[in-house]
Each structure stands twice: as structure tokens, then as C-alpha cells.
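Novice: Remember, the numbering used here sits 475 above the position in the sequence shown when you count from 1.
Don't be surprised by glycine CBs; every beta carbon is placed ideally from N, CA and C.
No experiment lies behind these values; they were computed from the predicted model shown.
Sharing a structure with you now.
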Amino acid sequence: MILETERLTIAPLTVDDAPLIYPFFSDAEVMSTLDQEPIEDPDAVANRVGAQVDEMAGDHAAYWAIRRAADDAFIGFCEIFDIDRRRDSAEIRFAVAREGWGQGFGLEALSALLAQVAADGLKTITARVHVGDAPAERLMAKLGFRADGYMKGAVHRDGERRDRRVYVLRL
């Protein structure tokens, strides 16, 4: 299934997307708000993408490539994971290329994806955002997520513990 918005095309991730995702995973600034250190090895990123593609076959996750419709440029990705059909719930995580920051691509892509997961029967979506990531916190509010918890020291990055805020959206 391919989703289209006014400016974006959102399609399931493929192994061919690995070289396009590598710049995200190797960029310390982009990765600073995600839960892992940058990955310097392109083969490690390719292995991760391959595992994600395999995981989609089990209906426990969906990984999406986000492209600008005008020029097909790869500008981000979205991960919907820990899908639990008994509870109709999942968690969401995303990244937008640095050159796309502040242009509303995250809002546009996530709005389309949330509509799709609601149509697929999911009722509760969780997102964990690093405290102090103001753009992500604003995006959660715009999408209708509500703060639902606080995870003190949940992530260890760059020699320090970082807190995360848990957001929940009821669809």
C-alpha cells in the first residue's frame, strides 16, 4: 500500500532504501532524539533495514519510507512497531531529514499514517519523545497525542541519562 499526501509519497520500506536511510542513522544530530547512537557502518544499517523488512511479514511492525512527491527525494522514515492486535495498540517513531525540518513534513506524514493505522483497526498509539525535543513535543500536540507518562533516565546517550515523555493517542 502506498499513501499519498499533497507533498509526500509514503510507501513500505524496502531493502533498496537502506542506502537512503544510512545518512539518517550516521548523523549524530538526527539520532540525538532517537534511542541509539549513530551507526557508522553502512552494512549495519543495511542489516537493520533487512530485519525491519522481514519483521513486516509478521504483522508486528510497519516501516515506511517518506519521499517528497515533487522529486521523489527520500526525506524520512516512520516506524510503527510493537503492534499488539489483542490490545489494538502500537508505538510510533519517525525521523525527517535535516533539510526538511520545520516544513511540516512530519505532521503531513504522520497524519496520513495515523489515519491508515486507525483504518487498520489500531486504537492506541504511543510515542516516546526525549524531554526537551520541542519540535517533536509540538508535533505530538498537533496530532492530538496527550502526555501520559514520564520515564526518568530512560536513555543513556553521550555519557548521560536522558528523560523521555510518553505520549498516547486514542484513535
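1) Can you tell me whether Ala-532 is buried or exposed, with buried defined as 16 or more other CB within 10 angstroms of its CB?
2) Find the nearest neighbour of Gln-527 within the set Thr-508, Ala-548, Ile-496, judged by alpha-carbon distance.
3) Buried or exposed for Trp-576, please, with buried defined as at least 16 other CB atoms from any protein chain shown within 10 angstroms of its CB.
4) Taking 6 Å as the limit between beta carbons, can you name the residues of its chain near Pro-610, skipping five residues before and five after?
5) Among all the DSSP beta bridges, which residues are the ones paired with Ser-586?
6) Determine whether the Cβ of Glu-481 lies closer than 8 Å to any Cβ atom of chain B.
7) Which runs of the beta strand (DSSP E) at least 3 residues long sit entirely within the region 476-553? Give them in chain order.
Specialist: So, to answer that:
1) Position 57 of the sequence shown holds residue 532. Sixteen is the threshold: since fewer than 16 other Cβ atoms of the shown chains lie within 10 Å of the Cβ of Ala-532, the residue is exposed.
2) Counting from 1 along the sequence shown, the entry for residue 527 is found at position 52. Minimum Cα distance to Gln-527 is reached at Ile-496.
3) Within the sequence shown, residue 576 is the residue found at index 101, counting from 1. Exposed is the label assigned to Trp-576, since fewer than 16 other Cβ atoms lie within 10 Å of its Cβ.
4) In the sequence shown, counting from the first residue as 1, residue 610 sits at position 135. Hits under 6 Å: none found.
5) Taking the first residue of the sequence shown as 1, we reach residue 586 at position 111. Under the DSSP definition of a beta bridge, Ser-586 lacks any partner.
6) Checking the listed chains, one finds no chain B in this structure; it contains a single protein chain.
7) Here the runs fully enclosed are 483-487, 537-543.
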